[in-house]
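Participant: In terms of this note's numbering, the sequence shown is residues 199 to 364. For each residue, glycine too, the CB sits at the ideal point set by N, CA and C. All values reported here derive from a predicted model rather than from experimental measurement. What follows is a structure written as structure tokens; I'll ask about it next.
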Amino acid sequence: MNSRVLGGLCAIAAFGLDQGTKALALNTPALERGVEVLPFLNLVRVLNDGVSFGMLGGIVPWWGLIALAGVIVAWLLIWLWRAPDRLTAAALGLIIGGALGNVLDRLRYRAVPDFLDFHYGTYHWPSFNLADVAIFCGAVLLFWDSFRSAQNKPERNHREENVTGK
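Shown next, in the form of structure tokens:
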């Protein structure tokens with residue numbers, strides 16, 4: 199499978215899963231009060247008008263966050279088009295799909311619906327959604343790939359030296 203196609207499929211999957219789960223969260227009245235799923239996981243509907251962990255909420259207008267995300271997604275699409283391998287393309291697709299899911303929410307609600315609430319005792323991690331999960335997983339894959347590539351580079355240079363006799 200072509201890396202561009204793989205990246206596009208990952209973007210579509212991330213976007214679709216994100217929007218589907220947000221629709222469920224927004225249309226489930228019980229999530230207003232929260233529902234305990236596991237001793238460390240609640241489902242609670244929250245509208246986040248900031249970025250990650252609510253940062254910049256109320257400081258940067260919703261349209262500013264959309265503009266910033268639009269520039270970033272455009273840059274990621276160019277990178278995807280030139281992706282050197284399938285792992286990079288899949289990672290970029292996850293990030294693009296998650297970012298587009300959050301952009302659509304900002305256009306519709308001027309905020310992003312979050313609903314996953316992980317906690318330990320009284321400490322709660324800031325709530326998030328599947329777009330955030332896709333973006334995080336894509337970033338981790340890119341980070342891991344950068345180490346994998348860095349480890350292979352000296353080996354490639356060594357082979358080139360042996361072939362040319364330098």
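Would you give the residue range spanned by the alpha helix (DSSP H) that residue 240 belongs to?
Facilitator: Taken as a continuous stretch (DSSP letters only), residue 240 belongs to no alpha helix (DSSP H), being part of the beta strand (DSSP E) at 239 to 246.
Participant: Looking only at DSSP bridge pairs, what is residue 312 linked to?
Facilitator: Per DSSP, 244.
Participant: Would you give the residue range spanned by the beta strand (DSSP E) that residue 229 belongs to?
Facilitator: Counting along the chain, residue 229 falls outside any beta strand (DSSP E), and DSSP gives it neither H nor E.
Participant: Mind checking who residue 326 pairs with in its DSSP beta bridge?
Facilitator: Answer by DSSP bridge pairing, in chain order: 314.
Participant: Does the structure place the region 302 to 321 close enough to the region 287 to 294 that three or more beta carbon pairs sit under 8 Å?
Facilitator: These segments do not touch.
Participant: Candidates 337, 312 and 346: which alpha carbon is nearest residue 216's?
Facilitator: The candidate whose alpha carbon is nearest that of residue 216 is 312.
Participant: Rounded to the nearest angstrom, what separates residue 268 and residue 345 at their Cα positions?
Facilitator: Whole-angstrom Cα-Cα distance: 28 Å.
Participant: Any idea if residue 219 is buried or exposed, counting beta-carbon neighbours within 10 angstroms, 16 or more meaning buried?
Facilitator: By the neighbour-count rule (16 or more Cβ atoms within 10 Å), residue 219 is buried.
Participant: Could you tell me how far apart the beta carbons of residue 239 and residue 229 are, in whole angstroms, since I believe they sit closer than 8 Å?
Facilitator: With 8 Å as the limit, residue 239 and residue 229 do not qualify as a contact, their Cβ atoms being about 13 Å apart.
Participant: Which same chain residues, not among the five before or five after residue 265, have their C-beta less than 6 Å away from its C-beta?
Facilitator: Result list for residue 265: empty, nothing under 6 Å.
Participant: Alpha carbon to alpha carbon, how far is residue 199 from residue 292? Give it in angstroms, no decimals.
Facilitator: C-alpha separation (whole angstroms): 17 Å.
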